[in-house]
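Start counting at 1 in the sequence shown, then tack on 4, and there's your number in this note's numbering. All C-beta atoms, glycine included, are put in the ideal place defined by N, C-alpha and C.
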Amino acid sequence: MKARLFMSVAAVAVLVTASVAAPKLNLKGVKCVMNAKAAAKAKSSADFKGGKVYFCCGNCAKAFATKQKDPKVATAGNHQLVATKQVKQAKCPLSGGKLNASTKIKVQGAEVAFCCNNCKGKASKAKGADQLALVFSDAAFKKAGFAVPKKEKK
Numbered sequence: 005m006k007a008r009l010f011m012s013v014a015a016v017a018v019l020v021t022a023s024v025a026a027p028k029l030n031l032k033g034v035k036c037v038m039n040a041k042a043a044a045k046a047k048s049s050a051d052f053k054g055g056k057v058y059f060c061c062g063n064c065a066k067a068f069a070t071k072q073k074d075p076k077v078a079t080a081g082n083h084q085l086v087a088t089k090q091v092k093q094a095k096c097p098l099s100g101g102k103l104n105a106s107t108k109i110k111v112q113g114a115e116v117a118f119c120c121n122n123c124k125g126k127a128s129k130a131k132g133a134d135q136l137a138l139v140f141s142d143a144a145f146k147k148a149g150f151a152v153p154k155k156e157k158k
């Protein structure tokens, strides 16, 4: 009897710890990767580059599975990873240079920093799909060192 009680308490403690340790996902204002006019929903997601991308429906999730290597789709996925704060930025997405905190701007809802005001200005001047491609293409994503933070071992 004591063993069951102990196991029950231990199980509850593990669940509470896991729910407290997991960062809360906020999809407010986040759009579906495949349909930019629709809101992303937590119930429809796919694994992507160590994080998760979210969709408005299951059909978009299926379409993403077959098209995620398409540059426009990958760019939208990269943008969403940044917008949902699942990845951390290490360098400038344009030059690969050291980040300057005073250059931080929002690019279609996602916070991004640059190495200098020249790169910031270039990103600010671009609009729409051109701006997304400039800052979140696979090449820019890699150059910026965006990555899902490693989980701490306990």
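Compare the Cα-Cα distances from LYS110 to each of SER99, LYS89, THR70 and report the closest residue. One-based indexing of the sequence shown puts residue 110 at position 106. For the residues SER99, LYS89, THR70, the minimum Cα distance to LYS110 belongs to LYS89.
What are the partner residues of PHE118, as DSSP defines its beta bridges? Numbered from 1 along the sequence shown, position 114 holds the residue referred to as residue 118. Paired residue(s): ASN104.
Separation of ALA44 from VAL37, as counted between CA atoms: What you label residue 37 is simply residue 33 of the sequence shown in a count that begins at 1. What you label residue 44 is simply residue 40 of the sequence shown in a count that begins at 1. Using only the alpha carbons, I get a separation of about 8 Å.
What are the start and end residues of the beta strand (DSSP E) that includes ALA50? In the sequence shown, counting from the first residue as 1, residue 50 sits at position 46. Here the beta strand (DSSP E) through ALA50 covers 45-52.
Could you check what DSSP says for LYS95 in three-state terms: helix, strand or coil? One-based indexing of the sequence shown puts residue 95 at position 91. Strand at LYS95.
7 Å Cβ shell around ASN39 - same chain, five flanking residues per side excluded: The residue you call residue 39 lines up with position 35 of the sequence shown. Listed in chain order, the non-local C-beta contacts of ASN39 below 7 Å within the same chain comprise CYS60, CYS64, local neighbours out to five positions each way being set aside.
First and last residue of the uninterrupted beta strand (DSSP E) at VAL57: For the purposes of this step, residue 57 is identified with residue 53 of the sequence shown, where counting begins at 1. Bounds of the beta strand (DSSP E) holding VAL57 are 55-59.
Simplified DSSP assignment, three categories, for LYS76: Locating residue 76 in the sequence shown gives position 72, where the first residue counts as 1. Three-state DSSP puts LYS76 in a helix.
Applying the criterion that 16 or more other CB atoms from any shown protein chain within 10 Å of the CB defines a buried residue, is LEU136 buried or exposed? Counting from one through the sequence shown, the residue named residue 136 turns up at place 132. Classification for LEU136: buried.
Within a Cβ cutoff of 6 Å, which residues of the same chain sit near ALA144, ignoring the five residues on either side of it in sequence? Reading the sequence shown from its first residue, position 140 is the one you call residue 144. Counting only Cβ-Cβ distances below 6 Å, and skipping sequence neighbours, we find PRO97.
Between ALA80 and PHE140, what straight-line distance do the alpha-carbon atoms span, to the nearest angstrom? The residue labelled residue 80 in the question sits at position 76 within the sequence shown. The residue labelled residue 140 in the question sits at position 136 within the sequence shown. About 8 Å.
What does the alpha-carbon distance come out to for the pair VAL77 and GLY132? As a working note, residue 77 is residue 73 in the sequence shown. As a working note, residue 132 is residue 128 in the sequence shown. Approximately 14 Å between the Cα atoms of the pair.
Measuring CB to CB, does GLY54 end up less than 7 Å from VAL152? Reading the sequence shown from its first residue, position 50 is the one you call residue 54. Reading the sequence shown from its first residue, position 148 is the one you call residue 152. For GLY54 and VAL152, yes; Cβs fall inside 7 Å.
Hey, ALA148 and GLN93: beta-carbon distance below 7 Å or not? Translated into the one-based positions of the sequence shown, residue 148 becomes position 144. Translated into the one-based positions of the sequence shown, residue 93 becomes position 89. Result yes, Cβ atoms of ALA148 and GLN93 sit closer than 7 Å.
Let me know the secondary structure DSSP gives LYS40 once reduced to three states. Locating residue 40 in the sequence shown gives position 36, counting from the first residue. The sequence shown places Ala at residue 40, not Lys. Note: ALA40 maps to coil in three-state DSSP.
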